[in-house]
Structures are given as structure tokens and as C-alpha cells.
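What follows is a set of notes on a single structure, which appears directly below.
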Amino acid sequence: MNKDFSNHVVHKPVMIKEVLDWLAPHKNGVYLDATFGSGGHTRAILESEPECTVIGMDWDTRMLEIYGKSITEEFGNRFIPIWGNFAHLYKMAKEHKLNNLSGILADFGTSQIQIFTGEGFSVYNDTVLDMRMSPAYQKITASYVINKSSAEKLREIFFQLGGERHAKKIVHAIELERLKKPIKTTGQLANLIEHVIGPTKQHLHPATRVFQALRIYVNHELENIEAFLPAAVRALATGGRFVCISFHELEDRIVKQFFKEHEAILDIEILTKRVIKASPEEIALNSSARSARLRAAKRSDKK
Ligand SMILES: C[S@@+](CC[C@H](N)C(=O)[O-])C[C@H]1O[C@@H](n2cnc3c(N)ncnc32)[C@H](O)[C@@H]1O
């Protein structure tokens with residue numbers, strides 16, 4: 226991790242107005258922000274309703290240490306920081322008595338701070354090829370995956386998680402390269418991919434899709450969401466709101482499917498009949514909002 230972890234880079238929280246509209250914080254409400262990050266959404270909730278409490282969870286300890294501290298200084302005991310992986314919410318809910326919550330927010334993916342100051346996330350920063358969001362608690366790095374996985378496994382990761390059409394060619398080049406020397410840095414991998422597939426038509430770096438796929442794989446991002454969603458519904462009070470923001474089609478598909486299935490078994494009522502996107506005004510100010518997709522539901526009467 227670079228030394229300037231907390232400096233210079235700012236994560237702009239997306240769709241703040243929409244989050245507040247759908248979460249509808251109320252007096253004495255207790256909310257879980259399952260992806261605290263640098264606390265932008267937590268702060269918005271705390272400011273919008275002066276008599277509510279927010280539990281801020283993140284599995285990146287640095288987020289809680291740095292940004293959790295400043296939110297605590299400002300909001301005192303209305304903010305409760307909790308370290309943890311939201312995939313383990315069932316267990317954590319028991320430990321921390323997280324039940325009958327008034328609302329839960331999840332803003333999936335990585336924060337801009339992790340991308341630009343963490344190791345291995347950005348194709349533009351030449352760092353160690355790491356990509357672990359919670360390095361203190363995860364063993365497998367992106368470099369390990371690239372150097373040790375079979376060609377078939379790499380093709381599957383790049384194609385399924387990144388939609389990379391040139392997966393076969395890229396994996397072939399990786400196989401040749403790693404026979405000579407291990408691939409240990411983002412620069413090595415990004416240059417190799419650029420060399421193999423050349424420039425893309427869009428303004429994206431040619432290695433973007435592979436980097437995204439590796440990040441999702443290393444951090445088990447989709448599996449974590451799958452484990453989190455049912456535990457989140459359970460932790461809500463009747464009428465409690467559940468708001469999810471996805472940045473990737475695969476994440477949004479999991480949320481959409483889950484909401485449909487759980488509406489069918491009367492666990493929840495879907496509030497957003499169509500997916501909600503950021504406004505053109507927000508996208509003009511924050512290009513990361515372009516791919517944000519928000520869905521909201523309400524906990525139905527507990528059976
Ligand atoms: C898009 S950022 C959230 C930004 C936040 N809403 C804000 O306003 O600053 C996603 C955050 O979720 C955290 N995260 C990702 N996967 C997680 C997981 N499985 N459990 C807990 N936190 C996770 C990341 O460490 C990151 O800080």
C-alpha cells in the first residue's frame with residue numbers, strides 16, 4: 226500500500242440523493258452501511274437524519290482506521306464502526322446483535338482510494354500485482370493467480386468475469402512469459418496484454434477487462450454478494466429498506482435475481498420496478514457514476 230493512502234485521492238460517493246430517497250432514514254433508525262469505504266454514504270445518512278445511528282462495516286481495515294476515525298470524531302456514538310466481510314453477515318449479526326435494522330446499504334466494488342493508492346488495482350500505476358482489498362485477511366494475490374493457475378482457469382476468469390474476447394491469446398502470452406520469469410507487477414501484465422491485443426477502440430486501457438476480472442476473482446466479489454443478500458434481508462426489521470448499488474453487470478444480475486426470488490417468497494417487496502441509474506448531471510461530475518445501478522427493496526412482514 227502506498228504511503229499516501231488517505232491523501233490526495235477522494236472517493237466521491239455515487240447517487241447520494243437516490244440512496245437517501247430509497248433508504249428513507251427516520252428518527253431513531255439504525256442503519257447498516259455494509260461497504261463503509263471512506264464513509265461518504267454513512268455521512269450523508271447521519272446528516273440527513275440527526276437522530277439515527279449508522280453501523281459502518283468494511284473489510285479493509287485501513288478504511289475504518291482512517292475514515293472511521295473522522296466520522297466518529299464528528300458524529301460520536303451515532304456511528305459504530307465494525308470490521309468484517311459482509312459475506313459473513315449471518316455470523317456477525319449474531320455477534321453484534323444486528324437485527325431489526327431500519328435499513329441496509331451496500332455500495333459494491335472497490336473505492337477509488339483502493340484503486341488509486343492500493344497495490345495492483347490500476348493498470349496505470351506500476352505496483353506489485355496484489356489486488357487484495359483486505360490484505361491482512363486474504364492470502365491469494367493476483368500475482369499468485371496469474372503465475373500459478375492453469376491456462377484453462379485463466380481463460381475462464383478473463384472471459385466470464387471480464388468479458389475479455391481475447392482471453393485465449395492473452396493467456397497464451399502469459400504462459401510463455403511466466404516460463405521465463407514470474408509476472409509480479411501491474412506494469413508487466415498491462416504491457417504484455419497491450420502488446421498482445423493492441424489498443425482498444427474505446428478510451429479504455431487494453432488490460433482493463435483482465436484487471437477487472439482478476440480483482441473480482443481475487444476478492445471473491447460475486448460469492449460475497451451471494452452470501453450477503455439473504456443475511457441482509459434477515460437482519461432487517463419489517464418495513465426495513467435494503468438498497469444495493471452495483472457497478473458490474475454480474476453484480477447487478479445477482480441482486481436483480483435475488484430480489485425477484487425473494488419477492489416471490491414474500492420476504493421482500495421490490496421498490497424499484499426498474500433499475501435506477503445516476504443522473505446525467507452526476508455522471509458529468511463523476512464519471513464513475515456512469516456504471517452505477519441502484520435497486521431497492523423493503524422487508525415484508527416477517528413470517
Ligand atoms: C465502492 S466502495 C464504498 C464507498 C462508500 N459507499 C463511500 O461512500 O465511501 C466499496 C467498499 O466496500 C468494501 N468491501 C468490498 N467488499 C467487501 C466485503 N465483502 N465486505 C465488507 N466490505 C467490502 C471495500 O473495501 C470498499 O471500501
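Per my numbering, the sequence shown starts with residue 226, numbered consecutively.
Virtual Cβ for every residue (Gly too), placed ideally from N, Cα, C.
(message) With a threshold of 8 Å between beta-carbons, can L323 be considered close to chain D, or not?
(response) The structure shown contains no chain D, having only a single protein chain.
(request) Return helix, strand or coil for P505, following the three-state DSSP convention. (result) Residue 505 sits at position 280 when you count from the first residue of the sequence shown. If DSSP states are grouped into helix, strand and coil, P505 belongs with the helices.
(request) Can you have a look at V239 and say buried or exposed, based on whether 16 or more other CB atoms are within 10 angstroms of its CB? (result) What you label residue 239 is simply residue 14 of the sequence shown in a count that begins at 1. Buried.
(request) Put F453 into one of helix, strand or coil per three-state DSSP. (result) Reading the sequence shown from its first residue, position 228 is the one you call residue 453. Residue state, collapsed to three classes: helix.
(request) Can you give me the Cβ contacts of D285 inside the same chain, cut-off strictly under 6 Å, excluding the 5 residues immediately before and after it? (result) Here residue 285 refers to the residue found at position 60 when the sequence shown is read from its first residue. Same-chain partners within the cutoff: M358, S359.
(message) Once the 5 residues before and after D526 are set aside, which same chain residues still bring their CB inside 6 Å of it?
(response) As a working note, residue 526 is residue 301 in the sequence shown. Taken in chain order, the residues that qualify are T463.
(request) For the beta strand (DSSP E) containing S327, list its first residue and its last residue. (result) Working through the sequence shown from its first residue, we reach residue 327 at position 102. From DSSP, the beta strand (DSSP E) with S327 extends over 326 to 332.
(message) Quick check: C277 and N253, are their CB atoms within less than 8 Å of each other?
(response) Locating residue 277 in the sequence shown gives position 52, where the first residue counts as 1. Locating residue 253 in the sequence shown gives position 28, where the first residue counts as 1. Closer than 8 Å, so yes.
(request) Could you please give the first and the last residue of the uninterrupted beta strand (DSSP E) stretch that includes Y256? (result) Your numbering for residue 256 matches position 31 in the sequence shown. Where Y256 is concerned, the enclosing beta strand (DSSP E) stretches over 255 to 258.
(message) Residues around ligand 1, please: the condition is that the C-beta lies closer than 5 Å to some non-hydrogen atom of it.
(response) H236, P238, T260, G262, S263, G265, H266, D283, W284, D285, M288, N310, F311, D332, G334, S336, M358, N449
(message) Quick check on the DSSP output: the alpha helix (DSSP H) that includes F383 runs from which residue to which?
(response) Stepping through the sequence shown from its first residue, residue 383 is reached at position 158. Counting along the chain, the alpha helix (DSSP H) containing F383 begins and ends at 376 to 387.
(request) Look up S471 in the DSSP assignment and say whether it is helix, strand or coil. (result) Here the question's residue 471 lines up with position 246 in the sequence shown. Note: S471 maps to strand in three-state DSSP.
(message) Tell me the DSSP secondary structure of K523 in three-state form.
(response) Taking the first residue of the sequence shown as 1, we reach residue 523 at position 298. If DSSP states are grouped into helix, strand and coil, K523 belongs with the strands.
(request) Ignore the nearest five residues each way along the sequence and tell me which others in K394's own chain have a CB closer than 8 Å to its CB. (result) Stepping through the sequence shown from its first residue, residue 394 is reached at position 169. If we look at K394 and ignore the five residues flanking it on each side, its Cβ neighbours are V421, I422.
(message) Here's the rule: buried if 16 or more other CB atoms are within 10 angstroms of the residue's CB, otherwise exposed. What is N325?
(response) Looking up residue 325 in the sequence shown gives position 100. The residue is exposed, with fewer than 16 neighbouring Cβ atoms inside 10 Å.
(request) Verify whether the separation of the beta carbon atoms of F346 and T260 is less than 8 Å. (result) As a working mapping, residue 346 is identified with position 121 in the sequence shown. As a working mapping, residue 260 is identified with position 35 in the sequence shown. Result no, Cβ atoms of F346 and T260 do not sit closer than 8 Å.
(message) For W308, which residues in the same chain have their Cβ closer than 8 Å to its Cβ, ignoring the five residues on either side in sequence?
(response) Here residue 308 refers to the residue found at position 83 when the sequence shown is read from its first residue. Closer than 8 Å at the Cβ level, and outside the excluded window around W308, lie M282, D283, W284, T286, L289.
(message) Once DSSP output is grouped into helix, strand and coil, what is the label at G309?
(response) For this step, residue 309 is matched to residue 84 along the sequence shown. Correct three-state label for G309: coil.
(message) Between F311, G343, A415, I408, which has its C-alpha nearest V458's C-alpha?
(response) Locating residue 458 in the sequence shown gives position 233, counting from the first residue. When each option's Cα is compared against that of V458, the closest is F311.
(request) Look up A462 in the DSSP assignment and say whether it is helix, strand or coil. (result) Numbered from 1 along the sequence shown, position 237 holds the residue referred to as residue 462. Residue state, collapsed to three classes: strand.
(request) Under the assumption that A521 contacts T497 (Cβ atoms under 8 Å), give the Cβ distance between them as a whole number of angstroms. (result) Reading the sequence shown from its first residue, position 296 is the one you call residue 521. Reading the sequence shown from its first residue, position 272 is the one you call residue 497. So it is a contact: roughly 5 Å between Cβ atoms.
(message) Restricting to Cα atoms, I'd like to know which of I291, P407, V279, K481 is closest to I450.
(response) Taking the sequence shown and counting its residues from 1, one reaches residue 450 at position 225. Ranking the options by Cα distance to I450, first place goes to K481.
(request) Can you tell me which of F453, D246, Q385, I418 puts its alpha carbon nearest to the alpha carbon of Y442? (result) Locating residue 442 in the sequence shown gives position 217, where the first residue counts as 1. Here the closest residue by C-alpha is Q385.
(request) Could you name the residues of the same chain whose beta carbon sits closer than 8 Å to that of H321, not counting the 5 residues immediately before and after it, in chain order? (result) Reading the sequence shown from its first residue, position 96 is the one you call residue 321. Same-chain partners within the cutoff: I280, I307.
(request) From the DSSP output, read off the bridge partner residues of G281. (result) In the sequence shown, residue 281 corresponds to position 56, counting from 1. According to DSSP, which records beta bridges pairwise, G281 is partnered with D258, P306.
(request) Excluding the 5 residues preceding and the 5 following I371 in the sequence, name in chain order all residues of the same chain whose CB lies nearer than 8 Å to its CB. (result) Within the sequence shown, the letter at position 146 stands for residue 371. Result list for I371: L354, L379, I399, R403, I408, L414, L439, in chain order.
(message) Below 8 Å on the Cβ atoms is my contact criterion, and I expect V244 with A269 to pass it. Report the Cβ-Cβ distance as a whole number of Å.
(response) In the sequence shown, the residue the question calls residue 244 occupies position 19. In the sequence shown, the residue the question calls residue 269 occupies position 44. The Cβ separation is near 7 Å, so the contact holds.
(request) Have a look at F484, V396, K316, L461 and flag the residue whose alpha-carbon is nearest the alpha-carbon of K373. (result) Working through the sequence shown from its first residue, we reach residue 373 at position 148. Taking only the C-alpha atoms, the option nearest K373 is V396.
(request) Rounded to whole angstroms, what's the CA-CA distance from E486 to G262? Just pull it up for me. (result) On the sequence shown, residue 486 is found 261 positions in, with the first residue counted as 1. On the sequence shown, residue 262 is found 37 positions in, with the first residue counted as 1. Their Cα atoms are separated by approximately 29 Å.
(request) Please determine, among E476, D246, P275, the residue with the shortest C-alpha to C-alpha distance to K523. (result) Residue mapping note: residue 523 aligns to position 298 of the sequence shown, counting from 1. Among E476, D246, P275, the Cα nearest to that of K523 belongs to D246.
(request) Please go through the same chain and pick out, in chain order, the residues whose beta-carbon is closer than 6 Å to the beta-carbon of N444, but skip the five residues on each side of it. (result) The count along the sequence shown starts at 1 and reaches residue 444 at position 219. Counting only Cβ-Cβ distances below 6 Å, and skipping sequence neighbours, we find M358.
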